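Here is the structure we will look at, set down as structure tokens.
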Ligand SMILES: NC(=O)c1ccc[n+]([C@@H]2O[C@H](COP(=O)([O-])OP(=O)(O)OC[C@H]3O[C@@H](n4cnc5c(N)ncnc54)[C@H](O)[C@@H]3O)[C@@H](O)[C@H]2O)c1
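In the numbering used here, the protein residues as written are 93 to 435.
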């Protein structure tokens, strides 16, 4: 038997609007009951735009509300872990935006709370639901590409975020590359054993002042011998640039056509096609599919497909990237006992 969970959305900002639109259009799978935001006006606007019966400013009250079965946490990063703990306490199913937290202690407290309460916890790594990445994963699984030997994963944002955002973002690896860490380990089907980073602040004074980097290349080695590179930039003159090349013994593929309209115009000024400017457009389908997956898991009393442990592993890789950058050399990701056994 399937059930239609009653949902509270916490955080009605940029990504909250995406989830609100999807929740409102998935009425067969859920009942979108509360829109909450620290700024009541944002909650009220969202409620009125999507026909949500209740708006409130208190996220904790929304989570505790007995009418609510599941929460979508789309508020600022530092609120995720405490809200996960609270929602676990009240036995609610939880979808949280990435990252779970900016440090492992808070992440572990949140995961332990969810685990002990036996509640579902899905993390917002939407690439795993993007039609392009899903097709790539299927091509790997069905052997079309042979043994995967290399992945080159690129993500460049149109422009750096405001200085205030950078200051509390956790830095390029925990805030941005965390998506790449998750998708590369998911595509490879294994966890890396070594990481090496070269990076710098090439163009943003704000990012340099925050002791962060705006340009980065990460190299990862996997137990099978496969190698991956992750390239990030906080600025791309032509807009969002998300491309992933997968190369295997039997063939390769590229995920990365980012057009709204499947048209290429051949003109005297050149060959022109449109380009999706940022993540909201590029991953529109993926955000919808991840929400369908979460709601279906609740409705069918099944496990979620992107777990808290996935969120933790991606954070661990982000922290290891920072360590490699600090040390200026490759860093092993093997547990120390394995290293000792090998020496
Ligand atoms: N998966 C993705 O692709 C993706 C994309 C963008 C953002 N995010 C993540 O989503 C989160 C939100 O990002 P955003 O860009 O939407 O930010 P935003 O600033 O646009 O929105 C955050 C909203 O949360 C509200 N808020 C802050 N504290 C709150 C609290 N204690 N209770 C209730 N509401 C509160 C704010 O008022 C604001 O409206 C971040 O953690 C970010 O990392 C994920």
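Every residue, glycine too, gets a C-beta built ideally from N, C-alpha and C. These figures come from a predicted structure and were not determined experimentally.
(request) May I ask which residues mark the beginning and end of the alpha helix (DSSP H) holding residue 371? (result) 371-374
(request) Thinking residue 151 and residue 99 are a contact (beta carbons under 8 Å), I'd like their distance in whole angstroms, please. (result) The pair is not a contact, with the Cβ atoms about 14 Å apart (cut-off 8 Å).
(request) Could you tell me which of 169, 230, 305 and 110 sits nearest to residue 417, measuring between CA atoms? (result) 305
(message) Is it buried or exposed, residue 430, if we count other Cβ atoms within 10 angstroms and call 16 or more buried?
(response) With a pLDDT of 47 at residue 430, under the threshold of 50, the modelled position of this residue cannot be trusted; read the value that follows with caution. Burial call: exposed.
(request) Report the rounded CA-to-CA distance for residue 132 versus residue 104, giving the unit in angstroms. (result) 10 Å
(request) Give, in chain order, every unbroken run of the beta strand (DSSP E) that is at least 3 residues long and sits entirely within the segment 361-420. (result) 362-364
(request) Identify, in the order they occur along the chain, each residue of the same chain with its Cβ nearer than 6 Å to the Cβ of residue 238, setting aside the five sequence neighbours on each side. (result) 340, 341 and 342
(request) Return the CA-CA distance between residue 424 and residue 287, expressed in angstroms with no decimal places. (result) 6 Å
(request) Taking only the alpha-carbon atoms, compute the straight-line gap between residue 352 and residue 227 and give it to the nearest angstrom. (result) 18 Å
(request) Pull up the DSSP beta-bridge partners for residue 247, would you. (result) 324 and 334
(message) Restricting to Cα atoms, I'd like to know which of 167, 184 and 149 is closest to residue 156.
(response) 184
(message) To the nearest angstrom, how far is the alpha carbon of residue 186 from that of residue 145?
(response) 21 Å
(message) Under DSSP, the beta strand (DSSP E) around residue 101 begins and ends at which residues?
(response) 98-102
(request) May I ask you to check if the CB of residue 218 is nearer than 7 Å to at least one heavy atom of ligand 1? (result) yes
(message) Looking only at its chain, what residues have a beta carbon closer than 8 Å to the beta carbon of residue 421, apart from the 5 residues adjacent to it on each side?
(response) 288
(message) Could you pull the DSSP bridge partners for residue 171 from this structure?
(response) Looking at the DSSP assignment, residue 171 forms no beta bridge with any residue, so it has no partner.
(request) Please report how far the alpha carbon of residue 409 lies from the alpha carbon of residue 264, in whole angstroms. (result) 12 Å
(request) Alpha carbon to alpha carbon, how far is residue 360 from residue 266? Give it in angstroms, no decimals. (result) 44 Å
(message) Could you tell me the alpha carbon to alpha carbon distance between residue 188 and residue 362, rounded to whole angstroms?
(response) 44 Å
(request) Let me have the residue list for ligand 1: C-beta closer than 6 Å to any non-hydrogen atom, ordered along the chain. (result) 102, 103, 104, 105, 106, 107, 108, 128, 129, 130, 131, 134, 151, 166, 167, 168, 169, 171, 189, 190, 216, 218 and 371
(request) In angstroms with no decimal places, state the Cα-to-Cα distance between residue 268 and residue 253. (result) 11 Å
(message) Checking 8 Å against the spacing of the C-beta atoms, do residue 320 and residue 276 come in under that value?
(response) yes
(request) Name, in chain order, the residues that DSSP records as bridge partners for residue 423. (result) 287
(request) Assuming residue 318 and residue 236 form a contact by the criterion Cβ under 8 Å, report the distance between their Cβ atoms to the nearest whole angstrom. (result) The pair is not a contact, with the Cβ atoms about 16 Å apart (cut-off 8 Å).
(request) Say whether the segment 175-183 touches the segment 115-125, bearing in mind that this needs 3 or more beta-carbon pairs closer than 8 Å, one atom from each stretch. (result) no
(request) Identify whether residue 263 lies in helix, strand or coil by the three-state DSSP scheme. (result) helix
(message) For residue 123, list the residues DSSP reports as bridge partners.
(response) 98
(request) Look at the Cβ atom of residue 206, then the Cβ atom of residue 391, and state whether they are nearer than 8 Å. (result) no
(request) Assign residue 357 to one of three DSSP states: helix, strand, or coil. (result) strand
(request) Could you round the C-beta distance between residue 345 and residue 355 to whole angstroms and report it? I think they count as a contact, below 8 Å. (result) About 22 Å; that fails the 8 Å criterion.
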